[in-house]
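Q: One structure, pasted below without further comment.
Numbering (UniProt numbering), first residue to last: 1 to 307.
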């Protein structure tokens, strides 16, 4: 019986590894050094616009709003009430020629019993959509009492399961910084190095970088090889640091310059999260801020795409 089981398991593991390697190659090709126009308008992702919208737009209204703003990528954040509209969301994006850049996921310590994660995998599989899964992990008990390696092991177990399921349908997983131990880039790198799964990367968020302004120039080159997306925001230095729309802070200019000069060539997100009650207004505030920043960077090539 053992001889009959083991070959099948080894074969499945080999197939998953091969799929993940192909996905990883695609990520690296996407993010390799290019012409540096990462801030051009057609490279922007709209992020944090589903639950943060006083107009409570539905899938079609949201897609129409993105068409109006000239944004052709969406990272889809959602709440429980949006689950019944997952299919309609993907249909609306396809009809309006908007790319589903990412699907948000918050997972606890037992992703194998997470019905929401199963629903995401199911809808992406049925629609044959290959995308990034931006993953936050929480709910791990007694984290403060663990050693560093124990923390890595606990989070790695969750990420490994999610990554394997994602690889089966041709998707990647982005470890998403949102504060705490899991949100520190150095810890994310340790998880990635521990797992060595090629379809896992990092999504870096300026709006959760309040405690990382001073260390950003040091750690950013380290996360660059794994970087899948960068989400921008304005940051006003102080104690505490204040998150504002792009172009209204005093820290994001130099951070954006570092990203631009690094050779990163992947997608760039702009967010609405609580900047305005209307998601369209919040995104437009960031688009206007991008114009200001690009003028200060002297990036006339990207700036032209906003006119």
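For glycine and all other residues, C-beta sits at the position ideal for the given N, C-alpha and C.
Am I right that residue 283 and residue 69 are in contact with their C-beta atoms under 8 Å? What's the rounded C-beta distance?
A: For the purposes of this step, residue 283 is identified with residue 283 of the chain shown, where counting begins at 1. For the purposes of this step, residue 69 is identified with residue 69 of the chain shown, where counting begins at 1. Residue 283 to residue 69, Cβ: 6 Å. Contact.
Q: On the premise that residue 203 lies in contact with residue 231, defined as a C-beta separation below 8 Å, what is that separation, rounded to the nearest angstrom?
A: The residue you call residue 231 lines up with position 231 of the chain shown. The residue you call residue 203 lines up with position 203 of the chain shown. Indeed they touch by this definition, with Cβ atoms about 7 Å apart.
Q: In chain order, what residues of the same chain lie with their CB nearer than 7 Å to the CB of residue 273, ignoring the 5 residues before and after it?
A: As a working mapping, residue 273 is identified with position 273 in the chain shown. 48, 52, 207.
Q: When the Cα atoms are used, what is the spatial distance from residue 184 to residue 209?
A: The count along the chain shown starts at 1 and reaches residue 184 at position 184. The count along the chain shown starts at 1 and reaches residue 209 at position 209. Their Cα atoms are separated by approximately 9 Å.
Q: Please classify residue 271 as buried or exposed, where buried requires at least 16 neighbouring CB atoms within 10 angstroms.
A: Against the chain shown, residue 271 aligns to sequence position 271. Residue 271 comes out buried.
Q: Of all the options 77, 229, 201, 149, which has the alpha carbon lying nearest to the alpha carbon of residue 106?
A: What you label residue 106 is simply residue 106 of the chain shown in a count that begins at 1. Residue 106 has its Cα closest to that of 77, out of 77, 229, 201, 149.
Q: Which word fits residue 245, buried or exposed, when buried means at least 16 other C-beta atoms lie within 10 angstroms of its C-beta?
A: Indexing the chain shown from 1 puts residue 245 at position 245. Buried, since its Cβ has 16 or more Cβ neighbours within 10 Å.
Q: From which residue to which residue does the alpha helix (DSSP H) around residue 55 run?
A: Counted from its first residue, the chain shown places residue 55 at position 55. That residue, residue 55, is in no alpha helix (DSSP H); it is neither H nor E in DSSP.
Q: List the residues that DSSP assigns as beta-bridge partners of residue 201.
A: The residue given as residue 201 occupies position 201 in the chain shown. The partner list for residue 201 (beta bridge, DSSP) reads 174.
Q: Go to residue 180, then tell me how far its beta strand (DSSP E) extends in each direction, as first and last residue.
A: If you number the chain shown from 1, residue 180 lands on position 180. No beta strand (DSSP E) contains residue 180, which DSSP labels as neither H nor E.
Q: Once DSSP output is grouped into helix, strand and coil, what is the label at residue 103?
A: Stepping through the chain shown from its first residue, residue 103 is reached at position 103. Note: residue 103 maps to strand in three-state DSSP.
Q: Compare the C-alpha of residue 153 against each of 190, 39, 294, 252 and name the closest.
A: On the chain shown, position 153 is the one that residue 153 refers to. Out of 190, 39, 294, 252, 190 has the C-alpha closest to the C-alpha of residue 153.
Q: Give the single residue among 129, 158, 97, 264 whose Cα lies nearest to the Cα of residue 64.
A: Residue 64 sits at position 64 when you count from the first residue of the chain shown. If we check each option's Cα against that of residue 64, 97 comes out closest.
Q: Just how far apart, CA to CA, sit residue 321 and residue 115?
A: Past the edges of the chain, shown from 1 to 307, lies residue 321, and the structure says nothing about it.
Q: Which partner residues does residue 234 have in the DSSP bridge list?
A: Within the chain shown, the letter at position 234 stands for residue 234. 244.
Q: Using only the alpha-carbon positions, how far apart do residue 256 and residue 281 sit?
A: Within the chain shown, numbered from 1, the residue matching residue 256 stands at position 256. Within the chain shown, numbered from 1, the residue matching residue 281 stands at position 281. One C-alpha to the other measures close to 22 Å.
Q: Do residue 83 and residue 103 come within 8 Å of each other at the CB atom, strictly closer than that value?
A: Residue mapping note: residue 103 aligns to position 103 of the chain shown, counting from 1. Residue mapping note: residue 83 aligns to position 83 of the chain shown, counting from 1. Going by C-beta atoms, residue 103 is not nearer than 8 Å to residue 83.
Q: Where residue 169 and residue 238 are concerned, what is the direct C-alpha to C-alpha distance, given to the nearest angstrom?
A: On the chain shown, position 169 is the one that residue 169 refers to. On the chain shown, position 238 is the one that residue 238 refers to. Computed Cα separation, rounded: 44 Å.
Q: Excluding the five sequence neighbours on either side, which residues of its own chain have a C-beta within less than 7 Å of the C-beta of residue 294, listed in chain order?
A: Start at 1 with the first residue of the chain shown, and residue 294 comes out as number 294. Answer for residue 294: 39, 302, 303, listed in chain order.
Q: Run through the DSSP bridge pairs and tell me what residue 76 is partnered with.
A: As a first step, residue 76 is located in the chain shown; it is residue number 76 there, counting from the start. In DSSP, residue 76 forms a bridge with 103.
Q: Which partner residues does residue 229 have in the DSSP bridge list?
A: Within the chain shown, residue 229 is the residue found at index 229, counting from 1. Partner(s): 203.
Q: When the Cα atoms are used, what is the spatial distance from residue 117 to residue 135?
A: Stepping through the chain shown from its first residue, residue 117 is reached at position 117. Stepping through the chain shown from its first residue, residue 135 is reached at position 135. Roughly 10 Å between the two C-alpha positions.
Q: Quick one: does residue 160 have its CB under 8 Å from some CB of chain B?
A: The chain labelled as chain B is not found in the depicted structure, where only one protein chain is given.
Q: Helix, strand or coil for residue 284? Go by DSSP, reduced to three states.
A: For this step, residue 284 is matched to residue 284 along the chain shown. Of the three classes helix, strand and coil, the one that applies to residue 284 here is helix, per DSSP.
Q: Start and end of the beta strand (DSSP E) containing residue 149?
A: Taking the chain shown and counting its residues from 1, the one referred to as residue 149 is at position 149. From DSSP, residue 149 is part of no beta strand (DSSP E) but of the alpha helix (DSSP H) over 148–168.
Q: Less than 8 Å between the C-beta atoms of residue 85 and residue 59, yes or no?
A: For this step, residue 85 is matched to residue 85 along the chain shown. For this step, residue 59 is matched to residue 59 along the chain shown. Yes, the pair counts as a contact, with Cβ atoms nearer than the cut-off.
Q: Among 279, 216, 287, whose alpha-carbon lies nearest the alpha-carbon of residue 254?
A: Here the question's residue 254 lines up with position 254 in the chain shown. The candidate whose alpha carbon is nearest that of residue 254 is 216.
Q: Just grab the DSSP bridge partners of residue 45 for me.
A: As a position in the chain shown, residue 45 is number 45, starting the count at 1. DSSP output for residue 45 lists 269 as bridge partner(s).
Q: Can you tell me whether residue 192 is helix, strand or coil according to DSSP?
A: As a working note, residue 192 is residue 192 in the chain shown. Note: residue 192 maps to helix in three-state DSSP.
Q: Hey, could you find the ends of the beta strand (DSSP E) residue 260 is sitting in?
A: Your numbering for residue 260 matches position 260 in the chain shown. Segment 252–261 is the alpha helix (DSSP H) holding residue 260; no beta strand (DSSP E) there.
Q: Can you tell me the Cβ-Cβ gap for residue 45 and residue 101, rounded? I've got them flagged as a contact below 8 Å.
A: The residue labelled residue 45 in the question sits at position 45 within the chain shown. The residue labelled residue 101 in the question sits at position 101 within the chain shown. Yes, they are in contact, since the Cβ atoms of residue 45 and residue 101 sit about 5 Å apart, within 8 Å.
Q: Going by DSSP in three states, residue 50 sits in which element: helix, strand or coil?
A: Taking the chain shown and counting its residues from 1, one reaches residue 50 at position 50. If DSSP states are grouped into helix, strand and coil, residue 50 belongs with coil.
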